[in-house]
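Visitor: Protein chains in written order, with this note's numbering: chain S, -5 to 95; chain Z, 5 to 587.
Think of the CB as a built atom: it goes at the ideal place given N, C-alpha and C, for glycine as much as any other residue.
In this text, all values refer to a predicted model and were calculated from it rather than measured experimentally.
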């Protein structure tokens, strides 16, 4: 019964990584990161629920914190995307290649 | 006290320099003179028991103590005194540069350098020694590149920093190995342990190689000697202080300090001896064909340092340190003379000089004394110490026969190039046409003091050897009084070498004054030699290019593409997971 949750976790996480690797749109990338993070949140929750001594409530608190921080980082990422769009006129990551070291 | 004065003084110089440059300069002079006086005072009252060290960081057994043995105190005294004289000399010498380059930077780093050098000489802890070792290296880098608008100076500074860094890595590795092996960084405790055979021979060998590398880098020995001639882009006072009297001696000092530590290693002494001998010969040849007055002196410094290193290699600690003292004095004198000459006529090319003696009598006199001391003419300080070095090599027996011959040839080369330099500057058929004159008092006083030192210092040998022996029982030295020195020197067969030097001088002097032309290496081979300097620069350049190309190759991995980076991160995550699963 728990394995369904774990399969969902792995699916969400892989989906996020797939997006990061194969998408070129900055907005898509951010969505990919979000999906990955949600998968991780689920992993923490499921892990807490499976805790030997009953449900481990700290994991729920941690997930709430993660979601809050997520919002902040997403806001910053989106503002960066806006700045990049102003700079390059597109939201394609290939346009940011000039950052190559 | 001796260490803290210049270190804190440097900070004061920095702060005051923001407000008033005139005041700052006088404070710099005051601080450096005070440091010199303190170091001298220490010299005359070496305490029998070293003061108790104290713990720097509790828990990590790093204890700061003082190494008040003769070796360190003398090096500290040299640093303090030559430092004070060089700072006084700079007052006038650097004046014309002040419009273009900030003087505060100059004085700050000079005073900081003096403090670090004294600290290096007085500490008994290898970690602290390494700290000061890096500080003097850094000050040297800043001061070489002081004329920062001149790309040549900047490149020379960078070169010095990078080349000496090679040696520093060796020193650090050696210290870490010893620390690991003994659990202490106190040099005397380590030496005790090593002499009882408590350190595994393999680790001791590693440390010995590291220390040699460190000394070779700092003292500009073969094959890392390439940085010193280029370092002559520095202001001449800096060359006198750092690249003749102090910094380059740090390597020799380190070898002398750690000599008892590596006595167990059969290969250590001969390697050091050979390095010194080869350096002395190569640098002597290059000094003979160079046309830049400061580069001649630089090669000469490298060559003399080779003598000292070779002496350490055969256990002639006393000879090497005695030569170190004498060399510091007369080479600083020669550099300051070169500074006065460059200041007066504005060029460093020997071919454009000649006949300066009539215009600059005082400089000629002082420079003459320096040249006499350098060449090893009897009754000048260089003669006695160089003879001591050759004698200690003779004592080493058959093993050292080839290095001995090399060193004797190098000693003859020394005489030849020093006379050549003196001749090209001061003698010559016609007087110098343009305006030239001796420097003002700020420049003359240091010259006269150093000239007196170069002439009379050997008379203090009794005092020197007594003091140098204080607290140094492990070095197995014997005291040497002045009459003994004279007797030993005059009774030894090596007097022949001196005879050859004198004959060489007379022959050269007569032939040059007749032909009006100085021995100058002409022809393609000499130019090629001056240009390539035995090919070391090209060799290192190839190395640097290979590293650069390797890094360029690495750059292609960094595509700047988010997708690739994400893929790499995912792969890394997978590897981590697999590691977690398998373990």
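By how many angstroms is the C-alpha of residue 409/Z removed from the C-alpha of residue 197/Z?
Guide: As a working mapping, residue 197/Z is identified with position 193 in the second chain. As a working mapping, residue 409/Z is identified with position 405 in the second chain. Approximately 36 Å between the Cα atoms of the pair.
Visitor: With DSSP run on the structure shown, which of helix, strand or coil describes residue 296/Z?
Guide: By one-based count along the second chain, residue 296/Z stands at place 292. If DSSP states are grouped into helix, strand and coil, residue 296/Z belongs with the strands.
Visitor: Please check if any C-beta of chain S sits within less than 7 Å of the C-beta of residue 570/Z.
Guide: On the second chain, position 566 is the one that residue 570/Z refers to. Answer yes: the Cβ-Cβ gap between residue 570/Z and chain S drops below 7 Å somewhere.
Visitor: Following the continuous alpha helix (DSSP H) through residue 28/S, name the residue where it begins and the one where it ends.
Guide: Residue 28/S sits at position 34 when you count from the first residue of the first chain. Note, residue 28/S: alpha helix (DSSP H), 20 to 43.
Visitor: Taking just the CA atoms, how far does residue 541/Z sit from residue 236/Z?
Guide: Start at 1 with the first residue of the second chain, and residue 236/Z comes out as number 232. Start at 1 with the first residue of the second chain, and residue 541/Z comes out as number 537. Each residue's Cα considered, the two are about 16 Å apart.
Visitor: I'd like to know whether the C-beta of residue 330/Z is nearer than 7 Å to at least one C-beta of chain S.
Guide: Mapped onto the second chain, residue 330/Z falls at position 326. Taking Cβ atoms only, chain S never reaches closer than 7 Å to residue 330/Z, which makes this a no.
Visitor: Runs of 3 residues minimum, wholly inside the segment 534 to 581 of chain Z: which ones carry the beta strand (DSSP E) assignment?
Guide: Fully enclosed beta strand (DSSP E) runs of 3 or longer: not present.
Visitor: Using a Cβ-Cβ cut-off of less than 8 Å, give me the residues of the segment 554 to 567 of chain Z that come near chain S, in sequence order.
Guide: Of all residues in the segment 554 to 567 of chain Z, 559, 562, 563, 564, 565, 566 and 567 have a Cβ within less than 8 Å of some Cβ in chain S.
Visitor: Chain Z beta carbons: is any one of them nearer than 7 Å to that of residue 9/S?
Guide: As a working note, residue 9/S is residue 15 in the first chain. No, because no Cβ of chain Z sits closer than 7 Å to the Cβ of residue 9/S.
Visitor: Below 7 Å between beta carbons: does that hold for residue 36/S and residue 3/S?
Guide: Start at 1 with the first residue of the first chain, and residue 36/S comes out as number 42. Start at 1 with the first residue of the first chain, and residue 3/S comes out as number 9. Contact flag set, yes.
Visitor: Would you say residue 36/S reaches chain Z, if we count a Cβ-Cβ gap shorter than 7 Å as a contact?
Guide: Numbered from 1 along the first chain, position 42 holds the residue referred to as residue 36/S. Not an interface residue.
Visitor: For the segment 17 to 29 of chain S, which residues have a beta carbon sitting closer than 9 Å to at least one beta carbon of chain Z?
Guide: Correct list: 17, 18, 20, 23 and 26.
Visitor: Please list, in chain order, the chain S residues whose beta carbon lies closer than 8 Å to that of residue 574/Z.
Guide: On the second chain, residue 574/Z is found 570 positions in, with the first residue counted as 1. Neighbours of residue 574/Z on chain S, chain order: 11, 14 and 15.
Visitor: If you drop the 5 nearest sequence neighbours on each side, which residues of the same chain put their C-beta closer than 6 Å to that of residue 42/S?
Guide: Numbered from its first residue, the first chain carries residue 42/S at position 48. These residues qualify, in order along the chain: 50 and 53.
Visitor: Grouping DSSP H, G and I as helix and E and B as strand, with all else coil, what is residue 234/Z?
Guide: Position 230 of the second chain holds residue 234/Z. Here residue 234/Z sits in helix by DSSP.
Visitor: So who's on the other strand from residue 86/S, going by DSSP bridges?
Guide: Taking the first residue of the first chain as position 1, residue 86/S is located at position 92. In the DSSP output, where bridge partners are listed per residue, residue 86/S has 19/S.
Visitor: For residue 75/S and chain Z, any beta-carbon pair shorter than 7 Å?
Guide: Residue mapping note: residue 75/S aligns to position 81 of the first chain, counting from 1. Chain Z, which has no Cβ nearer than 7 Å to the Cβ of residue 75/S, makes this no.
Visitor: Which whole-angstrom value is the C-beta distance of residue 203/Z and residue 185/Z, which I expect to be below 8 Å?
Guide: Within the second chain, the letter at position 199 stands for residue 203/Z. Within the second chain, the letter at position 181 stands for residue 185/Z. With 8 Å as the limit, residue 203/Z and residue 185/Z qualify as a contact, their Cβ atoms being about 5 Å apart.
Visitor: Within 7 Å (strictly less), CB to CB, does residue 3/S reach chain Z?
Guide: Within the first chain, the letter at position 9 stands for residue 3/S. With 7 Å as the cut-off, residue 3/S does not count as an interface residue toward chain Z.
Visitor: With C-beta atoms as the reference, is residue 373/Z less than 7 Å away from residue 459/Z?
Guide: As a first step, residue 373/Z must be located in the second chain, where it is residue number 369. As a first step, residue 459/Z must be located in the second chain, where it is residue number 455. Yes, the Cβ-Cβ distance between residue 373/Z and residue 459/Z is below 7 Å.
Visitor: Whose CA, out of 362/Z, 396/Z, 423/Z and 302/Z, lies closest to the CA of residue 317/Z?
Guide: What you label residue 317/Z is simply residue 313 of the second chain in a count that begins at 1. Residue 396/Z is the option with its Cα nearest to residue 317/Z.
Visitor: In angstroms with no decimal places, state the Cα-to-Cα distance between residue 133/Z and residue 390/Z.
Guide: Walking along the second chain from the start, residue 133/Z turns up at place 129. Walking along the second chain from the start, residue 390/Z turns up at place 386. So the alpha carbons of these two residues sit roughly 28 Å apart.
Visitor: Are the CB atoms of residue 39/Z and residue 146/Z within a distance shorter than 7 Å?
Guide: Mapped onto the second chain, residue 146/Z falls at position 142. Mapped onto the second chain, residue 39/Z falls at position 35. No, they are not a contact pair.
Visitor: Kindly indicate which residue of 139/Z, 223/Z and 231/Z has the alpha-carbon position closest to the one of residue 600/Z.
Guide: Outside the displayed span of chain Z (5 to 587) sits residue 600/Z, for which this structure offers no information.
Visitor: Please list, in chain order, the chain Z residues whose beta carbon lies closer than 8 Å to that of residue 80/S.
Guide: In the first chain, residue 80/S corresponds to position 86, counting from 1. Going along chain Z, no residue has its Cβ under 8 Å from residue 80/S, so there is no contact; the nearest lies around 18 Å.
Visitor: Can you pull the chain Z residues whose beta carbon is under 7 Å from the beta carbon of residue 85/S, in chain order?
Guide: Taking the first residue of the first chain as position 1, residue 85/S is located at position 91. Per Cβ cutoff of 7 Å: no residues; residue 85/S is ~12 Å from chain Z at best.
Visitor: Secondary structure at residue 196/Z, three-state DSSP: helix, strand or coil?
Guide: The sequence position of residue 196/Z within the second chain is 192, counting from 1. Of the three classes helix, strand and coil, the one that applies to residue 196/Z here is helix, per DSSP.
Visitor: Rounded C-beta distance between residue 241/Z and residue 93/Z? I'm assuming under 8 Å.
Guide: The residue given as residue 241/Z occupies position 237 in the second chain. The residue given as residue 93/Z occupies position 89 in the second chain. Correct: roughly 5 Å between the Cβ atoms.
Visitor: Excluding the five sequence neighbours on either side, which residues of its own chain have a C-beta within less than 6 Å of the C-beta of residue 153/Z, listed in chain order?
Guide: If you number the second chain from 1, residue 153/Z lands on position 149. Here the set comprises nothing.
Visitor: So what does DSSP say about residue 502/Z, is it helix, strand or coil?
Guide: Walking along the second chain from the start, residue 502/Z turns up at place 498. Helix, per DSSP.
Visitor: Near residue 144/Z, what residues of its chain come up, given a Cβ to Cβ distance below 6 Å and the 5 sequence neighbours on each side ignored?
Guide: For the purposes of this step, residue 144/Z is taken as residue 140 along the second chain, with counting starting at 1. So the qualifying residues of the chain are 246 and 251.
Visitor: Leaving out five residues before and five after residue 163/Z in sequence, what residues of the same chain have Cβ atoms less than 6 Å from its Cβ?
Guide: As a first step, residue 163/Z is located in the second chain; it is residue number 159 there, counting from the start. Excluding sequence neighbours, residue 163/Z sits near 231 and 234.
Visitor: What residues in its chain sit with their C-beta under 7 Å from that of residue 20/S, if we drop five residues either side in the sequence?
Guide: Residue mapping note: residue 20/S aligns to position 26 of the first chain, counting from 1. Around residue 20/S: 75, 78, 85 and 87.
Visitor: Residue 191/Z and residue 130/Z: beta carbons closer than 7 Å?
Guide: The count along the second chain starts at 1 and reaches residue 191/Z at position 187. The count along the second chain starts at 1 and reaches residue 130/Z at position 126. Closer than 7 Å, so yes.
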